[in-house]
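Chains as they are written, first to last, in the working numbering: chain A, 28 to 136; chain B, -6 to 107.
Following this line, the structure appears as structure tokens:
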């Protein structure tokens, strides 16, 4: 089976940096992804890590440590529009993507 | 526009009814999925289809049946609807066999069973 744990809620100030953690337990592992979902919207892809280390895409970065079964999403220069739910997701096979419990990020002025 | 589209956007129905949700993608992807998102926002995979072949089914009741007439379509049929089926259902697609390929989601169908 699979288990992906995230904090349920995070609040941060506009302009600040926030880190959203994800710990996982899976029988197979083909990479860790992150998705963003605004209220009433569809999940949209943010990043993917297959190997250990940091991947940077603009204001967003994602980190993976396979030995620790741990990853995080780092959001810098927070904007009000970043208020959304963020999900980590693990591939167990080429076509199996399992999502974490989700973290609701609230950005305050 | 290239996209994953699903209809209807909202579906309100009574217990015991049978309903269908349609999904189409014009991205040329080989694999399509159905996810269920409950009121706590948990996203759970229900099915995935690869070239018309069901490849996973995550303990979904057999009242739910996916039907794929071709590679671009994956419809979801639900029989004898129950209150607990109320949720948002998302269709998604991705290229086959590429672990780094993101899923492209439709905008969801909010199903309410009364």
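Note that CB positions come from ideal geometry on N, CA and C, so glycine has one too. A quick note: this is a predicted structure, and the numbers were derived from the prediction, not measured.
Boundaries of the beta strand (DSSP E) in which residue i is found, first to last residue
| i | result |
| --- | --- |
| residue 74(B) | Element bounds for residue 74(B): n/a, residue is neither H nor E. |
| residue 82(B) | 80 to 87 |
| residue 39(A) | 36 to 40 |
| residue 57(B) | 57 to 63 |
| residue 50(B) | 46 to 50 |
Minimum Cβ-Cβ distance from residue i to chain A less than 9 angstroms
| i | result |
| --- | --- |
| residue 66(B) | no |
| residue 36(B) | yes |
| residue 28(B) | yes |
| residue 1(B) | no |
| residue 49(B) | yes |
| residue 19(B) | no |
CB contact below 9 angstroms: residue i versus chain B
| i | result |
| --- | --- |
| residue 38(A) | no |
| residue 72(A) | yes |
| residue 51(A) | no |
| residue 90(A) | no |
| residue 58(A) | yes |
| residue 54(A) | no |
| residue 81(A) | no |
| residue 93(A) | no |
| residue 97(A) | no |
Pairwise C-alpha distance: residue j and residue i
| i | j | result |
| --- | --- | --- |
| residue 74(B) | residue 8(B) | 5 angstroms |
| residue 84(B) | residue 97(B) | 8 angstroms |
| residue 1(B) | residue 15(B) | 7 angstroms |
| residue 58(B) | residue 71(B) | 6 angstroms |
| residue 23(B) | residue 32(A) | 30 angstroms |
| residue 13(B) | residue 104(A) | 43 angstroms |
| residue 40(A) | residue 69(A) | 25 angstroms |
| residue 81(A) | residue 59(A) | 12 angstroms |
| residue 128(A) | residue 63(B) | 32 angstroms |
| residue 114(A) | residue 125(A) | 10 angstroms |
| residue 74(A) | residue 62(A) | 7 angstroms |
| residue 56(B) | residue 36(B) | 19 angstroms |
| residue 118(A) | residue 47(B) | 17 angstroms |
| residue 43(A) | residue 102(A) | 8 angstroms |
When the options are compared against residue i, the one with the closest alpha-carbon
| i | options | result |
| --- | --- | --- |
| residue 85(A) | 77(A), 96(A), 100(A) and 136(A) | 100(A) |
| residue 104(B) | -1(B), 4(B), 66(B) and 35(B) | 4(B) |
| residue -3(B) | 41(A), 40(A), 71(A) and 60(A) | 71(A) |
Pick out the complete beta strand (DSSP E) segments inside the region 60 to 105 of chain A, 3 residues or longer, and give them in chain order.
Segments of the beta strand (DSSP E) lying fully in the region 60 to 105 of chain A: 71 to 76, 80 to 84, 87 to 92 and 97 to 102.
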